[in-house]
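S.K.: In terms of my numbering, the sequence shown opens at residue 152 and continues consecutively.
Ideal Cβ placement from N, Cα and C applies to all residues, glycine included.
Just so you know, these numbers come straight off a predicted model, no measurement behind them.
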Amino acid sequence: MGRLFGTDGVRGCAGTHLTARLAFDLGIASAKTLTKSYDKPVVLIGMDTRISCEMLVAALTAGICSVGVDVYNAGVVPTPAVAYLVRKYGFSAGIMVSASHNAFDDNGIKFYNGQGLKLSDEIENEIETAIGADVQQAAGADIGRVYESDTAIADYAEFLHTETNTNLTGLKIALDCANGATYIAAPHVFGLLDADISIIANMPDGVNINKDCGSTHISALAKYVKGGNFDIGFAFDGDGDRCFAVDENGDIIDGDMIMAIIGKHWKEEGLLAKDTIVATVMSNLGFFQDAEKAGINVEQAKVGDRYVMEKMMEGGFSLGGEQSGHIICLNHHTSGDGILAAIVLASIVKETGKPLSQLNTMKLMPQVLKNAKISNNVKDEVLADEAIKAEIAAIEAKYDGNGRVLIRPSGTEPLVRVMIEGNDIDEITADAARLAQMMEGYIK
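#1: Leaving out five residues before and five after M152 in sequence, what residues of the same chain have Cβ atoms less than 8 Å from its Cβ?
#2: Are the CB atoms of T367 and H252 within a distance shorter than 7 Å?
#3: For V208 and A284, I'd like the C-alpha separation in whole angstroms.
#4: Quick one, which of R555, D488 and Y375 has its alpha-carbon nearest L520's?
#5: Can you look up H477 in the DSSP assignment and give me helix, strand or coil?
#6: Spatial neighbours of G163 within its chain, please: C-beta separation below 6 Å, excluding the five flanking residues on both sides.
#7: For the candidate residues A346, R393 and M590, whose alpha-carbon lies nearest to that of I369?
#8: Assuming I335 contacts D382 under a Cβ cut-off of 8 Å, what Cβ separation, rounded to an integer in Å, is found between them?
#9: Between G160, D345, V529 and I558, which has its C-alpha nearest D257's C-alpha?
#10: By the DSSP assignment, the beta strand (DSSP E) with A492 in it spans what residues?
#11: Can you name, in chain order, every residue of its own chain whose Cβ lies under 7 Å from the Cβ of E542, other than the five neighbours on each side?
#12: With three or more beta-carbon pairs closer than 8 Å as the criterion, would you say the stretch 468 to 477 touches the stretch 419 to 436?
#13: Grab me the residues of Y593's own chain with a C-beta within less than 8 Å of its C-beta, minus the 5 sequence neighbours each way, in chain order.
#14: Rounded to the nearest angstrom, what separates A545 and K462 at their Cα positions?
#15: Mapping DSSP to helix, strand and coil, what is R154?
#16: Could you check whether D221 and G295 sit closer than 7 Å to each other, using their CB atoms as the reference points?
#17: Which whole-angstrom value is the C-beta distance of I151 and K261, which I expect to be below 8 Å?
#18: Going by DSSP, which residues form a beta bridge with R568?
#19: Starting from Y240, trace the beta strand (DSSP E) in both directions and tell me its first and last residue.
#20: Using only the alpha-carbon positions, how far apart do D426 and E591 sit?
#21: Quick one: what's got a C-beta closer than 7 Å to I202's C-beta in the same chain, skipping five residues either side?
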């Protein structure tokens with residue numbers, strides 16, 4: 152069996168890979184690992200809207216309580232709300248049940264420590280090692296209790312309202328809540344900020360999360376914004392830790408562009424710590440070029456928002472994120488937060504009086520991303536194959552100095568991602584498709 156934890160917690164098809172039994176075992180192992188230094192440990196659990204969440208939360212809760220640890224159930228809340236509430240109320244740990252941008256039949260379990268931070272690889276390994284180990288079961292009055300939190304969203308919304316200290320009166324904003332974890336929280340927050348809001352994809356039914364909506368299917372929001380005379384639109388992913396924007400013309404503003412806009416504004420305001428943004432190797436070359444023109448340094452982290460966060464904390468930086476829409480404003484919060492990023496971007500539009508289309512000066516280098524569907528247990532084999540290695544080397548040589556090639560196994564899905572940047576969109580599309588097809592056709 153390979154490593155259980157991926158780039159962002161434990162994730163898989165609910166009921167087959169991510170079973171109630173596995174969730175129960177993870178509840179026990181995480182409780183014993185993450186709460187051992189607390190006299191009266193309590194774990195906070197939140198979830199998104201997918202149909203399997205209640206099953207998995209129940210199983211996690213049973214496991215945690217079976218070893219004498221109490222649970223507070225926050226219900227449907229964004230992932231960054233869990234990170235905040237852990238800090239606010241001094242919980243021993245936090246858990247979010249969500250598969251983020253994935254379809255409804257997947258689910259995942261993300262863990263936070265008592266500081267509201269995602270776990271290091273070392274702590275994740277410790278939890279994996281603890282699964283199935285003999286543990287002392289609680290009995291009698293020592294069994295953990297379960298409490299329901301009825302203030303989670305209100306607490307989180309007030310935090311964002313107070314922390315950003317802004318007012319968005321006069322801005323007409325469209326919100327796409329992906330039928331996910333932001334469907335209550337985002338309207339609540341933007342209501343506190345006095346924005347004129349319209350909302351789509353805010354009627355979850357357990358199976359429509361991320362379906363033709365949200366940050367991974369942003370064309371619906373783009374069409375809605377373009378036809379509705381909006382100043383700006385925001386699309387969140389299923390658990391609310393990502394955000395894409397749409398400008399007043401319906402053009403998409405991705406995570407790189409959001410970071411560039413915020414970074415340049417913060418640099419002018421003296422808020423960009425060390426004049427540096429932390430990004431990943433997946434960021435577009437246009438982002439690096441735009442930052443260089445603005446006199447902004449870019450530090451690169453491994454793909455995954457927790458690795459971005461680690462580098463930010465190590466270097467004392469205030470802004471970081473990913474092209475995929477994870478934006479971390481560390482001067483405000485210890486988590487990537489789609490709603491927070493949206494507020495910051497909207498406040499720049501209002502403060503400058505400029506439409507978002509004018510604030511976005513980043514020029515995208517044509518980029519193609521193809522996903523080769525490959526089982527997790529043969530990813531390493533495929534990438535070690537001599538013929539595939541030779542083809543990758545040939546493509547890299549072709550674009551050396553005129554583009555970029557990045558081959559990356561997904562940490563959350565059975566995929567190998569093939570990304571190529573270059574001047575000719577047709578050429579890079581053909582090369583990426585050919586390499587992905589070659590990988591999928593690999594037979595040992």
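M.R.: Checking against the coordinates, here is how it stands:
#1: Confidence in M152 is poor, its pLDDT being 48 and thus under 50, which makes the residue's placement unreliable; the coordinate value appears in the next sentence. Result list for M152: empty, nothing under 8 Å.
#2: yes
#3: 21 Å
#4: R555
#5: strand
#6: L169
#7: R393
#8: Contact flag wrong, Cβ pair sits at about 23 Å.
#9: G160
#10: Note, A492: premise wrong, no beta strand (DSSP E); alpha helix (DSSP H) at G489 to T503.
#11: L586 and M589
#12: yes
#13: I525, V529, E532, V533, D536 and I539
#14: 32 Å
#15: coil
#16: yes
#17: Coverage of the chain is limited to positions 152 through 595, which leaves residue 151 absent and any answer about it impossible.
#18: N522 and R559
#19: Counting along the chain, Y240 falls outside any beta strand (DSSP E), though it belongs to the alpha helix (DSSP H) covering T230 to Y240.
#20: 42 Å
#21: F255, G357 and V358
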